[in-house]
Amino acid sequence: MPVRQSAAGAVARPPGLAPAADPGVSPAGIRVGPSDPRYRTLSMGFNQRWVGEPAYIQLVSSTAQALAAVREAIRAGLRITVRGGGHCYEDFVSGNPGGVIIDMSQMHGVSRSADGTFWLEGGCTNWDVYTELYKRYDVTLPGGSCYSVGVGGHVAGGGYGLLSRQLGLTVDYLSAVELVVVSRDRSASVVTARRDDPRTADLLWGHTGGGGGNFGVITRYGFERLPRPPEDVWLSVVAWDWDSMSEPRFRRLLGNYGRFMAAHSHPGSPYSRLFSLLKLTHRSAGQIVLVTQVSGADGSLLDSFLAAISRGVGPPVAQTRPAGRELAVVASADGRRMPWLQATQTLNGSGPNQRGKYKSAYMITPFPARQVTAIYAALSDPGYENPQALLQVDSYGCQVNAREPGVTAVAQRSSIMKLQYQTYWTDPADDGVNLAWIRRFYRSVYAASGGTPVPNGITDGCYVNYPDVDLPDYPALYYKQNYRALQLVKARWDPINAFRYSQSIRLPGRTPAAHEVPGRT
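Written out as structure tokens, the structure reads:
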């Protein structure tokens with residue numbers, strides 16, 4: 024039955040339909056506390072291992088509301104964490120008992136100012152960005168393939184995607200960031216940091232790879248000279264059956280892949296138009312999968328790439344089983360030419376929200392033989408069975424490596440491959456076995472360097488957007504030589520350490536506990 028307005032102006036509701044609850048709107052936005060039925064849902068993110076117990080969640084829909092939310096939290100002595108898309112792998116956001124989670128998801132506007140700057144609000148997801156920029160302005164941002172990842176953390180951590188070998192990183196186009204900061208006297212204000220403004224350029228630089236949630240609440244990003252996306256791309260998904268994957272063939276596969284990337288990952292390479300994801304699944308998944316995208320109408324690069332990777336391994340077959348957290352097979356083995364946005368949507372999978380654990384590494388060289396031995400052993404481990412466990416090896420380099428490490432806060436500018444160790448599951452009772460497997464796997468691969476991919480000419484540390492609380496020296500692994508400069512940015516713009524979590528950038532000379540009250544020393 025339709026809702027009608029009475030003669031007196033009141034709304035007549037259908038029988039049995041109760042009025043909506045008061046959403047608790049205030050100058051600081053919508054507050055959701057423990058008694059609200061939305062509280063549990065909004066306390067969780069992508070990784071279901073982390074269920075928060077904040078004092079409340081504050082949903083903001085404007086910069087003014089974000090400012091008010093920060094002021095209220097600081098006045099009450101509450102620790103602040105910030106959620107955009109909710110994809111933080113660790114409990115950096117949810118792990119804030121008794122604090123406040125500022126939820127940015129209602130701020131998802133995309134616009135262009137008169138000076139040509141493209142503005143993305145802090146709650147935008149990748150899919151918001153790709154569709155709005157493309158449909159309204161015929162430009163794009165070379166970000167990630169997961170549609171529901173929020174740009175707030177993705178960009179600040181140096182986000183990359185399937186166009187990055189051709190176009191560079193997201194932060195290579197960043198020219199401004201608007202955020203709420205907290206000063207030494209505990210007052211909050213809005214600052215717009217710009218690359219060409221010497222008064223705030225350090226704060227802008229801190230957001231070009233320093234990671235999210237370190238300096239303030241990001242309300243808008245500004246980008247200049249965004250590139251046009253390709254009109255068409257070629258998309259291919261092929262596989263090799265584990266049943267026929269002997270250790271010698273596995274060695275040949277990883278050797279082919281690593282040597283190809285070493286030869287074709289320099290700036291200006293014609294293969295910069297090619298991006299690939301080699302999904303080295305656990306044997307229980309049934310197939311190893313290779314996803315490849317090539318920009319442009321000419322698909323010949325795809326043919327030569329697949330021939331090089333398959334040499335001595337055997338011809339690939341069609342993918343018949345999902346790899347990792349995929350829900351379905353996404354493309355044909357023969358390769359399909361399609362419009363870029365269609366291809367982006369085809370690959371734009373987030374998968375179901377599950378429990379998970381992740382680790383990462385940058386590779387400067389092909390895999391050493393000892394690493395291949397360890398990888399094969401872990402993926403063939405008969406004592407572990409999980410078809411959603413894998414090591415994903417992404418191609419990297421080309422235009423990413425065209426910049427020097429200090430130009431942005433992204434310190435890794437010479438890598439040819441980027442690795443993500445992943446395992447997913449649903450039952451909390453399986454936490455132990457899955458965590459033990461991925462930790463054992465990682466330690467074995469990097470046993471020669473103490474169990475982590477330290478910068479040593481072969482490996483080059485870890486990716487801050489794939490955080491891992493197991494890392495013993497995360498500043499050196501994430502930031503390398505840039506960490507000291509990031510600490511100076513922290514000292515200037517967040518001197519009371521209002522924005523912190525277990526792996527946040529520390530104030531110079533201090534290693535504060537995450538539970539410290541802002542402003543107390």
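Going by this note's numbering, the first residue of the sequence shown is number 24, and it counts up by one from there. Glycine included, every Cβ here is placed at the ideal spot set by N, Cα and C.
Proximity below 8 Å, CB of residue i to CB of residue j
{"i": "Val-152", "j": "Leu-164", "result": "yes"}
{"i": "Ala-179", "j": "Gly-118", "result": "no"}
{"i": "Leu-301", "j": "Tyr-280", "result": "yes"}
{"i": "Lys-380", "j": "Leu-458", "result": "yes"}
{"i": "Ile-124", "j": "Thr-104", "result": "yes"}
{"i": "Gly-52", "j": "Leu-82", "result": "yes"}
{"i": "Gln-504", "j": "Ala-434", "result": "yes"}
{"i": "Gln-316", "j": "Leu-185", "result": "yes"}
{"i": "Tyr-183", "j": "Glu-247", "result": "no"}
{"i": "Val-260", "j": "Trp-363", "result": "no"}
Other residues of its chain near residue i: CB distance less than 7 Å, five sequence neighbours each side excluded
{"i": "Arg-207", "result": "Pro-518, Ile-519"}
{"i": "Gly-278", "result": "Pro-389"}
{"i": "Ile-528", "result": "Gly-233, Asn-237, Leu-509, Gln-510, Lys-513"}
{"i": "Ala-471", "result": "Arg-393"}
{"i": "Thr-449", "result": "Gln-377, Arg-378"}
Limits of the unbroken alpha helix (DSSP H) element including residue i
{"i": "Pro-362", "result": "From DSSP, Pro-362 is part of no alpha helix (DSSP H) but of the beta strand (DSSP E) over 359-362."}
{"i": "Thr-86", "result": "86-98"}
{"i": "Phe-328", "result": "323-333"}
{"i": "Leu-249", "result": "Per DSSP, Leu-249 belongs to no alpha helix (DSSP H) and is neither H nor E."}
Where residue i falls: helix, strand or coil (DSSP)
{"i": "Trp-73", "result": "coil"}
{"i": "Leu-186", "result": "coil"}
{"i": "Ala-44", "result": "Its pLDDT being 46, under 50, Ala-44 is placed unreliably in this model, and the coordinates cannot settle the point."}
{"i": "Leu-226", "result": "helix"}
{"i": "Asp-126", "result": "strand"}
{"i": "Leu-350", "result": "With a pLDDT of 47 at Leu-350, under the threshold of 50, the modelled position of this residue cannot be trusted; read the value that follows with caution. Coil."}
{"i": "Asp-404", "result": "coil"}
{"i": "Met-268", "result": "coil"}
{"i": "Ile-241", "result": "strand"}
{"i": "Gln-316", "result": "strand"}
{"i": "Gly-4", "result": "The structure shown does not extend to residue 4, since the chain is modelled only from 24 through 544, so no value can be given for it."}
{"i": "Ala-341", "result": "strand"}
{"i": "Tyr-489", "result": "coil"}
{"i": "Tyr-160", "result": "helix"}
{"i": "Asp-255", "result": "strand"}
{"i": "Thr-475", "result": "coil"}
Contact test: residue i Cβ vs the ligand NAP heavy atom, cutoff 7 Å
{"i": "Gly-484", "result": "Absent from the structure shown: the ligand NAP. Ligands present: none."}
Those residues which DSSP pairs with residue i across a bridge
{"i": "Ile-311", "result": "Trp-263"}
{"i": "Ile-80", "result": "Val-55, Ile-124"}
{"i": "Ile-103", "result": "Val-123, Phe-522"}
{"i": "Val-214", "result": "Leu-202"}
{"i": "Leu-414", "result": "Leu-303, Tyr-444"}
{"i": "Gly-281", "result": "Paired residue(s): none; Gly-281 is not in a bridge."}
{"i": "Arg-378", "result": "Trp-448"}
{"i": "Ala-384", "result": "Leu-442"}
{"i": "Gly-167", "result": "Gly-167 is not bridged to any residue."}
{"i": "Phe-141", "result": "Arg-135, Phe-246"}
Continuous beta strand (DSSP E) stretch holding residue i: start and end
{"i": "Tyr-196", "result": "Unbroken run through Tyr-196: none, as it is neither H nor E."}
{"i": "Ser-299", "result": "297-304"}
{"i": "Met-67", "result": "That residue, Met-67, is in no beta strand (DSSP E); it is neither H nor E in DSSP."}
Contacts around residue i, its chain only, beta-carbon distance under 8 Å, and the 5 residues preceding and following it disregarded
{"i": "Ser-267", "result": "Gly-337"}
{"i": "Asn-424", "result": "Ser-288, His-289, Pro-290, Arg-436, Ser-437, Ser-438"}
Neighbourhood of residue i by C-beta distance below 6 Å, restricted to the same chain and skipping five residues each side
{"i": "Gly-176", "result": "Gly-107, Gly-235"}
{"i": "Gly-473", "result": "none"}
Short CB-CB distance (under 8 Å) between residue i and chain B
{"i": "Thr-388", "result": "Given the protein chain composition of this structure (a single chain), no chain B is represented."}
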